[in-house]
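*Asks:* Residue numbers (my numbering), protein chains in the order written: chain A, 1 to 190; chain B, 191 to 380.
Ideal placement from N, C-alpha and C gives every residue a C-beta, glycine not left out.
Mind having a look at this structure? Questions to follow.
Number of protein chains: 2
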Amino acid sequence: MEVITEKKARITDIATRLFREKGYAATSMRDLAQEVGIEAASLYSHVKSKEEILSRICFTLAEAFFTAQHQALQPDDSSPEALRKAVEAHVGVVAVHLSASGVFLHEWRHLSEPSLSQFLELRQQYEIHWLKLLRRGKDEGVFHYEDEAIAVRHILSALNWIYDWYKPNGRYSVAQLSAHISQLIIQGIQ
Amino acid sequence: MEVITEKKARITDIATRLFREKGYAATSMRDLAQEVGIEAASLYSHVKSKEEILSRICFTLAEAFFTAQHQALQPDDSSPEALRKAVEAHVGVVAVHLSASGVFLHEWRHLSEPSLSQFLELRQQYEIHWLKLLRRGKDEGVFHYEDEAIAVRHILSALNWIYDWYKPNGRYSVAQLSAHISQLIIQGIQ
DNA sequence: CTAATATTTGAATGATTATTCATCTTCTTT
DNA sequence: AAAGAAGATGAATAATCATTCAAATATTAG
C-alpha cells in the first residue's frame, strides 16, 4: 500500500505547474527543488525519479476522466442527455485541473515503457467510450454527422484545449463554461 | 536579402519533424545533425542557432495562417460563407503542415524575447480576425452563441488540434476533412 | 532520554547540452 | 589550373542534467 505523504503531494503539485509552464524536458529537478524550497538531492527522499512524477500526473488525470464520466452517466439517459453529461464531466475535470491537463495532453510522450503503452491504452479506451456514445445517438437518429472518428476527435479537441485558455477566475464559472461548450457541441451534431 | 539554401530548408524540415515528435527541449542539435546526415558542428554553417530554427518554423506558419485566410475571404461573402471559408483555410494550413502546426502550437514558449512577444502579438491578431467574423454573424442574426470569447476559442481549439489526429494518407482528403469539420462547427453556432 | 527512522544536504559522478574554432576538404569562379 | 569561398569536421569549452552517497540533522517511538 502506497502512502502519499503531504510533501510528496506538494512536490507533485509544483511539478505539475512547472511541467505545464516550461515542459517536462525543460524543467530540471533543481528548478523543482527550488520552488519546493529544498535542495535537489532532497527530492529523492520523496520520489523515485523525475519520470515517476510525470507518470503520477498523467495516470491520476486519466483516472479522473474515467471516474467523472462513469459517475455522470446513468444507464437510462437519452443520447443527447448522456452526451451533455459526458461533455460536462470532461470539461469539469479539465477546468479543475488545468495544469495537469496540459501535462496529460502533451508531456506523456516523455514516459518510457511500459508506462507509455499503458497510458496510450487508457487514452484509447476513453475514446472508445465516446465513440459508443455518438454511435448510439446516430443509430437512434438523434445525432447527425458524416464520420464517427472525425466527430469524436472534433469533440475531444474542443474539450481538451480548454486547458489552454480557460481562466478560472474570469467571467465564467466551471458550470457556466460547461453549459456553453456542451451547447456548441451538441448543436453541432444534431 | 536572406537566401534560404536548399540545405537550410532541409534542416528546417527535419527539425520540424523532430521538434514535433520529441519536443524542442528534448531535441538536441546532435539528434538533428544525425538525421540530416552531417556532424553537429556543420549545422552552424547553415543556421545561427537552435532557436533560429524554432523561430523560423513558428513565424512561417503564422504567416501561412494569415495568408490563407486573407486569400480565402471575399468582401461580399455572407457570414456563414465567410466562416466556412475561414475554417477551410485554417484546416488546410494545419492539415498540410501537420508537424509544423504541432510546433507552432506548443513549442513557441521556448522562443526568447523579442521573438516571443512578436509571436504572441501575431496570435492575438489572428484571433481578433475570428472574433470579428463571429460578431458580424451574430449582429446579422445568423449566428447564435452565448459568449463570443468562448465561441472563438471553442472553434480554434477544434481546428488546431487536427494536427494531432489527422492522417494525411487515411480515409479522407484535406478537402473532405475541411468539409466535415466546417459542417460540425457552423451547425454548432447556427 | 535513547534508539531508530526519516529527511536534508553538499559534493561528486558521468552523461549530455549548445556552441566555437582551427583545420581540412570540396566547390565555384576565373 | 589557381584562387577564393563555402561547407564539413573533430576536438574542445563551459554549462547543465538526473541521480547517488556518505554524513549531518531532524523527527518519531519506546
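Could you give the residue range of the alpha helix (DSSP H) that holds E278(B)?
*Replies:* Position 88 of the second sequence holds residue 278(B). Start and end: 269-286.
*Asks:* Considering only residues of the same chain and omitting the five flanking positions on each side of W108(A), which have a CB-CB separation below 7 Å?
*Replies:* If you number the first sequence from 1, residue 108(A) lands on position 108. Closer than 7 Å at Cβ, skipping near neighbours: C58, F119.
*Asks:* Rounded to a whole number of angstroms, what is the C-alpha to C-alpha distance between R210(B) and V277(B)?
*Replies:* Here residue 210(B) is taken as the residue at index 20 of the second sequence, counted from 1. Here residue 277(B) is taken as the residue at index 87 of the second sequence, counted from 1. Answer to the nearest angstrom: the Cα atoms are 23 Å apart.
*Asks:* Expressed to the nearest angstrom, what Euclidean distance is found between the alpha-carbon atoms of H70(A) and E229(B)?
*Replies:* Taking the first residue of the first sequence as position 1, residue 70(A) is located at position 70. Taking the first residue of the second sequence as position 1, residue 229(B) is located at position 39. When rounded, the distance between both Cα atoms is 53 Å.
*Asks:* On the DSSP letters alone, give me the boundaries of the alpha helix (DSSP H) that A223(B) sits inside.
*Replies:* If you number the second sequence from 1, residue 223(B) lands on position 33. Element bounds for A223(B): 219-226.
*Asks:* In chain B, which residues lie less than 8 Å from I57(A) when you measure between Cβ atoms?
*Replies:* In the first sequence, the residue the question calls residue 57(A) occupies position 57. Going along chain B, no residue has its Cβ under 8 Å from I57(A), so there is no contact; the nearest lies around 16 Å.
*Asks:* What does the alpha-carbon distance come out to for the pair S182(A) and V364(B)?
*Replies:* Mapped onto the first sequence, residue 182(A) falls at position 182. Mapped onto the second sequence, residue 364(B) falls at position 174. One C-alpha to the other measures close to 27 Å.
*Asks:* If A193(A) and L18(A) are in contact, beta carbons under 8 Å, what's the gap, nearest whole angstrom?
*Replies:* Within the shown structure, residues of chain A are numbered from 1 to 190, placing residue 193(A) beyond reach of any answer.
*Asks:* Among P80(A), R84(A), S55(A), I53(A), whose alpha-carbon lies nearest the alpha-carbon of A68(A)?
*Replies:* Working through the first sequence from its first residue, we reach residue 68(A) at position 68. It is R84(A).
*Asks:* Shorter than 8 Å from the beta carbon of N359(B) to some beta carbon of chain A?
*Replies:* Position 169 of the second sequence holds residue 359(B). Chain A, which has no Cβ nearer than 8 Å to the Cβ of N359(B), makes this no.
*Asks:* Roughly how many whole angstroms lie between the Cα atoms of L374(B) and A72(A)?
*Replies:* What you label residue 374(B) is simply residue 184 of the second sequence in a count that begins at 1. What you label residue 72(A) is simply residue 72 of the first sequence in a count that begins at 1. Approximately 25 Å, taken between the alpha carbons.
*Asks:* Between R343(B) and W130(A), is the Cβ-Cβ spacing less than 8 Å?
*Replies:* Translated into the one-based positions of the second sequence, residue 343(B) becomes position 153. Translated into the one-based positions of the first sequence, residue 130(A) becomes position 130. In this structure, W130(A) does not lie closer than 8 Å to R343(B) by Cβ.
*Asks:* Which residues in the same chain have their Cβ closer than 8 Å to the Cβ of V142(A), if we skip the five residues on either side of it in sequence?
*Replies:* By 1-based counting over the first sequence, the position of residue 142(A) is 142. Counting only Cβ-Cβ distances below 8 Å, and skipping sequence neighbours, we find S78, S79, P80, Q190.
*Asks:* Is DSSP giving T60(A) helix, strand or coil here?
*Replies:* The residue labelled residue 60(A) in the question sits at position 60 within the first sequence. Three-state DSSP puts T60(A) in a helix.
*Asks:* Skipping 5 residues on each side, what residues in its chain have a beta carbon closer than 6 Å to that of A89(A)?
*Replies:* Translated into the one-based positions of the first sequence, residue 89(A) becomes position 89. A68, Q69, A72.
*Asks:* Compare the C-beta of V332(B) against all C-beta atoms of chain A and say whether one is closer than 8 Å.
*Replies:* Here the question's residue 332(B) lines up with position 142 in the second sequence. Answer no: the Cβ-Cβ gap between V332(B) and chain A never drops below 8 Å.
*Asks:* Closer than 8 Å, CB to CB, is M1(A) near chain B or not?
*Replies:* Here the question's residue 1(A) lines up with position 1 in the first sequence. Confidence at M1(A) is low in this model, with a pLDDT of 39, below 50, so its placement is unreliable and the value that follows should be read with caution. So no, M1(A) is outside the interface.
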